[in-house]
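The end of the sequence shown is residue 322 by this note's numbering, with every number in the run present. Using N, Cα and C, we set each Cβ at its ideal position, and we do this for glycine too. Bear in mind the structure is a predicted one, so any value in this text is a computation, not a measurement. Shown next, in structure tokens, is the structure this report addresses.
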Amino acid sequence: MMNVSLDKKVIVISGGTKGVGKQLALQCAADGAYVIISGRDEASATGIVSAAKNAPGSIEFKKTDLHSVDSIRNLFAYVAEKYNKLDGFVNYAGITPAASLTECSEALFDDVFDIDIKAAFFCCQEAVKLMQKSGGGSIILVGSTHHTRGNKDRTAYACAKGALYTLSNHIGKHYAEDKIRCNYLVMGWTPTDGELALRKSQGMSEQELRKEAAKAIPMGRMTETSDIVPAMVYLLSDISSMVTATEFKVNGGELI
């Protein structure tokens, strides 16, 4: 059986300071990758960088404002200058505010689309250009079970994730000739910090959330970070070299 190796791969993770992004960064560094995490939370990033100081690979933080295309371009320019290649890009950054179609404000809509699709689009633009120069790579766009229609109170989010799905298929189809792969990883109902904070604001405890989710998910439990990270490592590795333009589901059979 082949070993999954990320040794000496250069990997950028947007939103890598929290949740699944954080755990993925630590795992990639443990597997020998040089990881660049982007975001605005310098305090959290400092702890992550420190946690990987004895790893075979490394983690470094590049402060990035995903509302700014210039800031995104600066992130990838830094990677190009320091490493002269890019092997993997994971778009984990995203926001999930609750609002139905009739309640969604223009400000909320703009904020969701700025982060969940516009930032992802321009990150992919820069990632693809750098991967073309360095012989290919793997892109993971983190999606959601909401992307086909979504819950009633996730209208803008569902629309943005649907657009992200189209972008993933577009890249997977049209840049395969450059040995660039792109997969849409459907992350199931996961107790991330953001999800727990949202549910708390709605008066729901984590225990109550888990009970509700267990009823809705065929596998009978929520998707955990430990379920998602191995799938991401697989998609970033050379073992998945023929896997592209897929909807890769890690969701326990959950459908919305």
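When you measure from the CB of residue i to every non-hydrogen atom of the ligand COA, does any distance come out below 7 Å?
i, result
"Ala-226", "The model depicted lacks the ligand COA and carries no ligand whatsoever."
Which residue comes first and which comes last in the alpha helix (DSSP H) that contains residue i?
i, result
"Leu-301", "291 to 302"
Output needed for residue i: all residues of its chain with C-beta closer than 6 Å, excluding positions within five of it in sequence on either side, in chain order.
i, result
"Ala-165", "Leu-174"
"Tyr-100", "Val-76, Gly-123, Ser-124"
"Phe-155", "Val-78, Ala-193, Ile-205"
"Ile-283", "Gly-318, Glu-320"
"Pro-257", "Met-288"
If you count every other CB in all the chains shown that lies within 10 Å of the CB of residue i, and 16 or more means buried, which is it?
i, result
"Arg-276", "exposed"
"Arg-220", "buried"
"Met-308", "exposed"
"Gln-93", "buried"
"His-236", "exposed"
"Glu-192", "buried"
"Gly-160", "buried"
"His-240", "exposed"
"Lys-84", "buried"
"Met-285", "exposed"
Would you give the residue range spanned by the beta strand (DSSP E) that residue i belongs to?
i, result
"Lys-128", "124 to 129"
"Val-70", "Looking at the DSSP string, Val-70 is not in any beta strand (DSSP E), and its letter there is neither H nor E."
"Glu-243", "Run containing Glu-243: none; DSSP gives neither H nor E here."
"Val-178", "Premise fails: Val-178 lies in the alpha helix (DSSP H), 172 to 179, not in any beta strand (DSSP E)."
"Ser-80", "76 to 80"
My guess is that residue i and residue j are in contact by the Cβ rule of under 8 Å, so how many angstroms apart are they, rounded?
i, j, result
"Thr-312", "Asn-249", "5 Å"
"Gly-254", "Val-316", "6 Å"
"Val-145", "Ile-102", "6 Å"
"Thr-310", "Gly-238", "4 Å"
"Ala-222", "Cys-189", "About 20 Å separates the two Cβ atoms, so there is no contact after all."
Grab me the residues of residue i's own chain with a C-beta within less than 8 Å of its C-beta, minus the 5 sequence neighbours each way, in chain order.
i, result
"Thr-130", "Ser-80, Ser-104, Gly-105, Arg-106, Ser-137, Ile-138, Asn-140, Leu-141"
"Ile-322", "Thr-211, His-212, Thr-214, Arg-215, Gly-216, Asn-217"
Output needed for residue i: all residues of its chain with C-beta closer than 7 Å, excluding positions within five of it in sequence on either side, in chain order.
i, result
"Ala-95", "Val-101, Ala-118, Ala-121, Gly-123, Ser-124, Ile-125"
| said: What ranges does the beta strand (DSSP E) occupy inside the stretch 195 to 237, keeping only unbroken runs of at least 3 residues that lie completely in it? | reply: Runs of the beta strand (DSSP E) spanning 3 or more residues and lying entirely within the stretch 195 to 237 occur at 203 to 210, in chain order.
| Which parts of the stretch 95 to 166 are runs of the alpha helix (DSSP H), unbroken and 4 residues or longer, counting only runs that do not cross its ends? | Scanning the stretch 95 to 166 from its first residue to its last, the whole alpha helix (DSSP H) runs of 4-plus residues come out as 108 to 117, 135 to 149.
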